[in-house]
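Undergrad: Note that the numbering used here has the sequence shown beginning at 44, numbered continuously upward. Backbone N, C-alpha and C define an ideal beta-carbon position, used for all residues, glycine too.
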Amino acid sequence: MPHKDSDPFELDAMIALRHDLHAHPELGFEEVRTSDIVARLLADAGIAVDRGLGKTGIVGTISVGHGGRAIALRADMDALAMPELGEPKYKSTVANTMHACGHDGHTVMLLAAARHLARTRQFSGTVHFIFQPAEEGRGGARAMLADGFLDRFPIDAVYGLHNMPGLATDEMAVVAGPQLASSDSWEVAFHGIGTHGAKPHLGRDGMTAAAHFLTALHTIVARRVDPLQPAVVSACAISGGDFRALNVIPDDVRIGGTARAYSAEVREQLELEIGQLAAGIATSFGITASYSFKRRIAPVINDLKATETALAAARQVTGKPVVTDFPPSTAGDDFAEFGNLVPGCYVWLGNGPAVDGALHHNSRYDFNDAAILTGARYWTALVEAELR
Ligand SMILES: [Zn+2]
Ligand SMILES: [Zn+2]
44 MPHKDSDPFE
54 LDAMIALRHD
64 LHAHPELGFE
74 EVRTSDIVAR
84 LLADAGIAVD
94 RGLGKTGIVG
104 TISVGHGGRA
114 IALRADMDAL
124 AMPELGEPKY
134 KSTVANTMHA
144 CGHDGHTVML
154 LAAARHLART
164 RQFSGTVHFI
174 FQPAEEGRGG
184 ARAMLADGFL
194 DRFPIDAVYG
204 LHNMPGLATD
214 EMAVVAGPQL
224 ASSDSWEVAF
234 HGIGTHGAKP
244 HLGRDGMTAA
254 AHFLTALHTI
264 VARRVDPLQP
274 AVVSACAISG
284 GDFRALNVIP
294 DDVRIGGTAR
304 AYSAEVREQL
314 ELEIGQLAAG
324 IATSFGITAS
334 YSFKRRIAPV
344 INDLKATETA
354 LAAARQVTGK
364 PVVTDFPPST
374 AGDDFAEFGN
384 LVPGCYVWLG
394 NGPAVDGALH
404 HNSRYDFNDA
414 AILTGARYWT
424 ALVEAELR
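(1) Say the cut is 8 Å; is the CB of His65 nearer than that to a heavy atom of ligand 1?
(2) Please indicate yes or no: does the CB of Glu74 lie closer than 8 Å to some heavy atom of ligand 1?
(3) For Lys337, does the three-state DSSP call read helix, strand or coil?
(4) Residues around ligand 1, please: the condition is that the C-beta lies closer than 6 Å to some non-hydrogen atom of it.
(5) Check the DSSP bridge columns for Ile236 and list the partner residues they point to.
(6) Compute every distance between the C-beta of His146 and the non-hydrogen atoms of ligand 2, then say whether any falls below 8 Å.
(7) Say the cut is 8 Å; is the CB of His205 nearer than that to a heavy atom of ligand 2?
(8) Considering only the beta carbon of each residue, do Glu380 and Ala200 sit closer than 9 Å?
(9) In the structure shown, what three-state DSSP assignment does Glu314 receive?
(10) Can you name the start and end residues of the beta strand (DSSP E) that Phe172 belongs to?
(11) Are the Cβ atoms of Met120 and Thr136 separated by less than 9 Å?
(12) Examine the Cβ distances between the segment 127-134 and the segment 46-66 and report whether three or more of them are shorter than 8 Å.
(13) Apply the 10 Å Cβ neighbour rule to Thr140 and answer buried if 16 or more other Cβ atoms are within range, or exposed otherwise.
(14) To which residues does DSSP link Arg297 through a beta bridge?
(15) Mark Gly95 as exposed unless 16 or more other C-beta atoms lie within 10 angstroms of its C-beta, in which case mark it buried.
(16) On a CA-only basis, which of Val92, Glu73, Glu74, Val75 is nearest Ala82? Give me that one, please.
(17) In this structure, how does DSSP classify Val151 when only helix, strand and coil are distinguished?
(18) On the DSSP letters alone, give me the boundaries of the alpha helix (DSSP H) that Ile435 sits inside.
(19) May I have the straight-line CA-CA distance separating Val436 from Pro396, to the nearest angstrom?
(20) Nearest CA to the CA of Arg266: which residue from Ala278, Ile317, Trp229?
(21) With hydrogens ignored, establish whether the beta-carbon of Asp50 is closer than 8 Å to any heavy atom of ligand 2.
(22) Determine, using beta carbons only, whether Ala115 and Ile173 come nearer to each other than 9 Å.
(23) Determine, using beta carbons only, whether Pro126 comes closer than 9 Å to chain D.
(24) Terminal residues of the continuous beta strand (DSSP E) containing Thr367?
(25) Check this for me: beta carbons of Arg185 and Asp377, under 9 Å apart or not?
(26) Among Ile105, Ser167, Gly168, whose alpha-carbon lies nearest the alpha-carbon of Leu154?
(27) Note down the Cα distance separating Thr163 from Glu308, rounded to an integer number of angstroms.
(28) Among the candidates His244, Ala156, Asp79, whose CA atom is the shortest distance from the CA of Ala414?
(29) Is DSSP giving Asp399 helix, strand or coil here?
(30) Measuring straight from C-alpha to C-alpha, what distance separates Ala216 and Arg303?
(31) Can His447 and Asp294 be called in contact, C-beta distance under 9 Å?
(32) Where does Gly168 land, buried or exposed, given buried means 16+ other C-beta within 10 angstroms?
(33) Could you tell me if the beta carbon of Asp227 falls within a distance shorter than 8 Å of some heavy atom in ligand 2?
(34) Going by the DSSP bridge assignment, what does Cys388 pair with across the sheet?
In structure tokens:
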């Protein structure tokens, strides 16, 4: 890929690549084509490439000078299992698979910055470019760590970035503290004694216990969690009985849902309270309950010092004042797996106005190519500021 001095980030080629990735989306741990392209374009720029971390994950590495400090910049590569209903000329060619979260843009921005830094080398130290698989709930970050990412590539800080509709493409938000909620799932099963629907007194009704549990569930956030601490508990699935047997009270009723928090303490509390409530209600109905809480993604909490560095880099490259009071999101990002182990900062880059109201994970969402330059310049400025 040729580059011209007037076009330090190879913008035309990077936009074409973004469209190509958009047209060929791949789900988590299946990013075979995407990671082949990334590896080739890193190697082509003289960047050391390590593959196979977390199956399809890639780490590109540049070391310059004698600086002993090492940092990692992370982009995610995966798409979502959903149909694309918009009509861009580079529309997804894969059924029920779509880049609806803009990870095609994340991949390209980090690649553009990596290739630029490989040419300019205006820093001293080591930078690792993480191209992570499977951010969308499939555990890509955890898989890279399980494959020894931190042992093989020791780092002093880690940085992440996500596109955000509603901010301009030359606008960023950089905020210290909680950015994204934890994202955990829980499941409760009420075990009653099934009986004839006409003779409830001969069994133990788990159905009614489940109903009480569902309404009481919301007292956890309303009455147990500190009102100054944000938290969400939602029930999202319920099953029990059979619509072909409306005269049968079933033995078991299952309920499952999600729990979200912005601190380790509240996360802990939600895990405890949901289980206690289920057990208490089961007892009051003379039945039993089983409970499981699956910790999936920790909250993303930005480190103070890493945030200062990110903020300075953002100020250097954006056309608008950097937003420093952007509200935290109840979404999750497994960037937290890295950020929990080393100081980190996760920032927002504008994606322009939400076209037709389409937000992340909407079947008409699209990454905005106008943001590529800001993103690539941000990554570059960050490396040059972090590794002096
Ligand atoms: Zn997403
Ligand atoms: Zn995303």
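TA: Reading from the atomic positions:
(1) In the sequence shown, the residue the question calls residue 65 occupies position 22. Answer for His65: no, Cβ out of range of ligand 1.
(2) The count along the sequence shown starts at 1 and reaches residue 74 at position 31. No, the Cβ of Glu74 stays beyond 8 Å of every heavy atom of ligand 1.
(3) As a position in the sequence shown, residue 337 is number 294, starting the count at 1. If DSSP states are grouped into helix, strand and coil, Lys337 belongs with the strands.
(4) Cys144, Glu179, His403, His404
(5) Residue numbering aside, residue 236 sits at position 193 when the sequence shown is read from its first letter. In the DSSP output, where bridge partners are listed per residue, Ile236 has Arg247.
(6) Position 103 of the sequence shown holds residue 146. For ligand 2, at least one heavy atom lies less than 8 Å from the Cβ of His146.
(7) The residue given as residue 205 occupies position 162 in the sequence shown. Yes - ligand 2 has a heavy atom lying nearer than 8 Å to the Cβ of His205.
(8) Translated into the one-based positions of the sequence shown, residue 380 becomes position 337. Translated into the one-based positions of the sequence shown, residue 200 becomes position 157. No, Cβ-Cβ distance for Glu380 and Ala200 is not below 9 Å.
(9) Here residue 314 refers to the residue found at position 271 when the sequence shown is read from its first residue. Correct three-state label for Glu314: helix.
(10) The residue given as residue 172 occupies position 129 in the sequence shown. Segment 168-175, the beta strand (DSSP E) holding Phe172.
(11) Residue numbering aside, residue 120 sits at position 77 when the sequence shown is read from its first letter. Residue numbering aside, residue 136 sits at position 93 when the sequence shown is read from its first letter. In this structure, Thr136 does not lie closer than 9 Å to Met120 by Cβ.
(12) yes
(13) Counted from its first residue, the sequence shown places residue 140 at position 97. It counts as buried.
(14) Looking up residue 297 in the sequence shown gives position 254. BP columns for Arg297 point to Ala232, Ser282.
(15) Counting from 1 along the sequence shown, the entry for residue 95 is found at position 52. Flag for Gly95 reads exposed.
(16) By 1-based counting over the sequence shown, the position of residue 82 is 39. Cα-wise, what sits closest to Ala82 is Val92.
(17) The residue given as residue 151 occupies position 108 in the sequence shown. Looking at Val151 - three-state DSSP - the assignment turns out to be helix.
(18) This structure does not reach residue 435, given that the chain is present from 44 up to 431, and the question cannot be answered.
(19) Residue 436 is absent from the structure shown; the chain starts at 44 and stops at 431.
(20) On the sequence shown, position 223 is the one that residue 266 refers to. Nearest of Ala278, Ile317, Trp229 to Arg266, Cα basis: Ile317.
(21) The residue you call residue 50 lines up with position 7 of the sequence shown. Every heavy atom of ligand 2 is 8 Å or more from the Cβ of Asp50, so no.
(22) As a position in the sequence shown, residue 115 is number 72, starting the count at 1. As a position in the sequence shown, residue 173 is number 130, starting the count at 1. Result yes, Cβ atoms of Ala115 and Ile173 sit closer than 9 Å.
(23) No chain D appears in the structure shown, which is made up of a single protein chain.
(24) Translated into the one-based positions of the sequence shown, residue 367 becomes position 324. It is not in any beta strand (DSSP E) - Thr367 carries neither H nor E in the DSSP assignment.
(25) To locate residue 185, count along the sequence shown from 1; it is residue 142. To locate residue 377, count along the sequence shown from 1; it is residue 334. Contact flag set, yes.
(26) One-based indexing of the sequence shown puts residue 154 at position 111. Checking every option, the nearest Cα to that of Leu154 belongs to Ile105.
(27) The sequence position of residue 163 within the sequence shown is 120, counting from 1. The sequence position of residue 308 within the sequence shown is 265, counting from 1. Cα-Cα distance, rounded: 44 Å.
(28) By 1-based counting over the sequence shown, the position of residue 414 is 371. When only C-alpha atoms are compared, the closest one is Ala156.
(29) Taking the first residue of the sequence shown as 1, we reach residue 399 at position 356. Helix.
(30) Here residue 216 refers to the residue found at position 173 when the sequence shown is read from its first residue. Here residue 303 refers to the residue found at position 260 when the sequence shown is read from its first residue. So the alpha carbons of these two residues sit roughly 22 Å apart.
(31) Given a span of 44 to 431 for the chain in the structure shown, any question on residue 447 remains unanswerable.
(32) On the sequence shown, residue 168 is found 125 positions in, with the first residue counted as 1. Label assigned to Gly168: buried.
(33) Working through the sequence shown from its first residue, we reach residue 227 at position 184. Every heavy atom of ligand 2 is 8 Å or more from the Cβ of Asp227, so no.
(34) Residue numbering aside, residue 388 sits at position 345 when the sequence shown is read from its first letter. Paired residues: Tyr202.
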